[in-house]
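Working notes, structure below.
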Amino acid sequence: MTEPIVSIRGVSKKFPGGIIAVDNVHVDIAQNEFFALLGPSGCGKTTLLRMISGLETPTEGQIMIGGEDMALTPPNKRPTNMVFQSYAVFPHMTVEDNVAYGLRVTGVAADETTRRTAEALEMVKLSHLAKRKPDQMSGGQRQRVALARALVKRPKVLLLDEPLSALDAKLRDDMRMELTRLQETVGITFIIVTHDQDEALSMASRIAVMDKGAVQQIATPSELYEQPTTRFVADFIGKVNLIDAKVLSTTAKAITCEAKGLGKMSVPTNKSCGDTVAIAVRPEKLKLSVSKPADAKLLAIAGKVRDVAYYGDTSHVVVSASDGLDLQINVQNDTRTGGSGVERGQKIWVSWAPDDSIVLTE
Ligand code: ATP
22 MTEPIVSIRG VSKKFPGGII AVDNVHVDIA QNEFFALLGP SGCGKTTLLR MISGLETPTE
82 GQIMIGGEDM ALTPPNKRPT NMVFQSYAVF PHMTVEDNVA YGLRVTGVAA DETTRRTAEA
142 LEMVKLSHLA KRKPDQMSGG QRQRVALARA LVKRPKVLLL DEPLSALDAK LRDDMRMELT
202 RLQETVGITF IIVTHDQDEA LSMASRIAVM DKGAVQQIAT PSELYEQPTT RFVADFIGKV
262 NLIDAKVLST TAKAITCEAK GLGKMSVPTN KSCGDTVAIA VRPEKLKLSV SKPADAKLLA
322 IAGKVRDVAY YGDTSHVVVS ASDGLDLQIN VQNDTRTGGS GVERGQKIWV SWAPDDSIVL
382 TE
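22 is the number of the first residue of the sequence shown in the numbering used here; add one for each residue after it.
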């Protein structure tokens, strides 16, 4: 990575009462990235974002923005701007005045204010509503006003705290695409906080997954999904089957292990493993067949269909295998008839390629 625009170095935040909200976090965020802080409620993502903005002070560690230590820089002097969950806009002012406000109070000349306000409204596609008041607008439009208010200040880094959570599902989908487009157009680094995996996966170029104040993994969306490094990440991002296995032997490229119901199997990995591991397999990587697959290279297990849920494009099937192992399988309903082609109680085989197994040591 070239010089990061934001560098978070060993940052912790302790609140009174022994609460460790953020625990020794290291993250470098590159210029022009769309970066997401993702994790369950209470994992410390908002506190981390607030420390970047200067609204909260780290107990330990250093935050650098644009190569400068921010320790003594107050929020209004930082090259950042924040868009809050409850889009803070003034209801009594027109859209235009809302956007111009931040420039007027800092003494930017009138003609420059007019020009930059028009530019910001153009970016969020609100020029035609410049004279409206926010209470005559939809939630999505109000959110755009809040975005324009932040962008007009030309921050190097835009911080977005759950910006879509107040919108309904359909609008949220539209705004996701809008935000991605906007980030590409304005070329500003975006850091978004979200607890919604789909939101992070669909918008961000990289994601830091947090749990209990600590960063578990930083990776691109597809790496997080296909190569999670911990059980927490595998389980938090999408659906997953986690199968406990005992390690029998290891080489540099694979392990031989014994898993419940699956017997002895060889799984590719270059990780150094202890005595036990978890084998993770995504539901769409599993295949169903009425008889044992002929291909001996596949991992296969016999079971009985316990549940079938139909979702239109896919069906979600749960198979109870021997030794009490339950497996989740996603089946593509790729013809108009037949659905998943299986029914509850049916005897079935579940199989997958060894390469589709992820070995997890933590
Ligand atoms: P959410 O998605 O629910 O907003 P989060 O991941 O953003 O959660 P934070 O808001 O950063 O989590 O909170 C992390 C932890 O720190 C939580 O246990 C929270 O209760 C605690 N916390 C946050 N702010 C304060 C504060 N001002 N004083 C004391 N504890 C706090």
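We treat Cβ as the ideally placed atom computed from N, Cα and C, and that holds for glycine.
Query	Result
Would you call the CB atoms of valine 207 and arginine 163 closer than 8 Å?	no
Around the C-beta of phenylalanine 36, are 16 or more other C-beta atoms found within 10 angstroms, so that it is buried, or is it exposed?	exposed
With a threshold of 6 Å on Cβ separation, who are the neighbours of glutamine 218 within its own chain once the five nearest residues in sequence on each side are excluded?	Ile258
Can you find a heavy atom of the ligand ATP that lies under 7 Å from the Cβ of histidine 216?	yes
Please check the pair alanine 323 and tryptophan 370, which I expect to be a contact at CB under 8 Å, by giving their CB distance rounded to whole angstroms.	6 Å
Within the present structure, is the beta-carbon of lysine 15 separated from the nearest heavy atom of the ligand ATP by less than 7 Å?	What is shown of the chain runs 22 to 383, which leaves residue 15 out entirely.
Using CA coordinates, which residue listed in Ile350, Asp344 and Ala317 is at the minimum distance from alanine 330?	Ile350
Just verifying my parser: in three-state terms, what is the DSSP assignment at isoleucine 300?	strand
Across the stretch 67-84 and the stretch 265-275, are there enough close Cβ pairs to call them in contact, namely three or more that are closer than 8 Å?	no
Which one or two residues does DSSP pair with lysine 34 in a beta bridge?	Val43
If I follow the unbroken beta strand (DSSP E) through arginine 327, where does it start and stop?	320-331
Any chance you could list the alpha helix (DSSP H) runs of at least 4 consecutive residues sitting entirely within the stretch 191-240, in chain order?	218-224
Measuring from the CB of isoleucine 26, is there a heavy atom of the ligand ATP at a distance below 7 Å?	no
Where does aspartate 49 fall in DSSP's three states?	strand
How is the alpha helix (DSSP H) around alanine 255 delimited, first residue to last?	252-257
So alanine 169 and leucine 150 are in contact, right, with Cβ under 8 Å, and what is the actual spacing, rounded?	Contact flag wrong, Cβ pair sits at about 11 Å.
Alpha carbons only, please: which of Val268, Val230, Leu181 and Pro375 is nearest the one belonging to phenylalanine 253?	Val230
Check whether the stretch 84-104 and the stretch 39-46 are in contact - that is, three or more C-beta pairs closer than 8 Å.	no
In three-state DSSP terms, what is glutamate 24?	coil
Could you compute how far the alpha carbon of arginine 125 sits from the alpha carbon of glutamate 220?	34 Å
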